[in-house]
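So the number in our numbering is just where the residue sits in the sequence shown, counting from 1, plus 55. Think of the CB as a built atom: it goes at the ideal place given N, C-alpha and C, for glycine as much as any other residue. From a predicted model like this one, the values you see are computed outputs, not experimental measurements. The block underneath contains the structure these notes are about, expressed in structure tokens.
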Amino acid sequence: MAKQLKALIPKPAKISKTAVPDAIKSDLETKATNLIEVVLKPKHVVPQKPEIEFNYISDIGTKWYRKYFYSFATYTCPGPNALTPSFESNFARMEYLGAGRFSLSFLRHNDQWVKLYAAQTIHECLKAINDDAWFTP
């Protein structure tokens with residue numbers, strides 16, 4: 056039986072990574088900080104009390120990583136057996152798609168991101184984080 060010839064197959068071109076413009080970054084940071092300070096912190100952040108033994112949310116913040124904008128909650132671990140005094144847990148991720156649009160995802164219990172909304176504006180994403188129960192810190 057004759058051998059089959061192996062053909063060289065070219066690799067597909069890499070998908071270009073869309074850089075987030077500085078104007079969109081600053082606009083999103085301003086609006087997200089306003090949402091956190093006015094709505095999320097008063098609703099979810101627990102003031103420090105000496106009688107609390109279990110983990111509680113002590114702060115809520117945001118951070119950029121490449122084209123992703125994360126919202127996270129900082130949990131404080133007050134117990135005597137705590138491995139660390141605090142830890143961060145992400146609860147929402149906005150991925151920049153281009154043209155001022157973002158996809159919005161929440162973090163499941165098994166550390167996988169689930170995309171709920173695609174091609175949303177900044178205002179629509181922040182409204183969903185405020186209103187939708189999937190984005191509770």
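Which of the three DSSP states, helix, strand or coil, is assigned to residue 190? helix
Nearest neighbour of residue 177, chosen from 61, 78, 105, 73 [CA to CA]: 78
Which residues in the same chain as residue 183 place their Cβ atom closer than 8 Å to its Cβ, once the five residues preceding and following it in sequence are excluded? 159, 171, 172, 175, 190
Residues in its own chain within less than 6 Å of residue 156 by CB, not counting five upstream and five downstream? 174
Rounded Cβ spacing between residue 112 and residue 101 (contact assumed at less than 8 Å): 6 Å
Whole alpha helix (DSSP H) elements within the region 82 to 106, 4-residue minimum: 96 to 99
Which two residues bound the contiguous beta strand (DSSP E) that contains residue 145? 141 to 153
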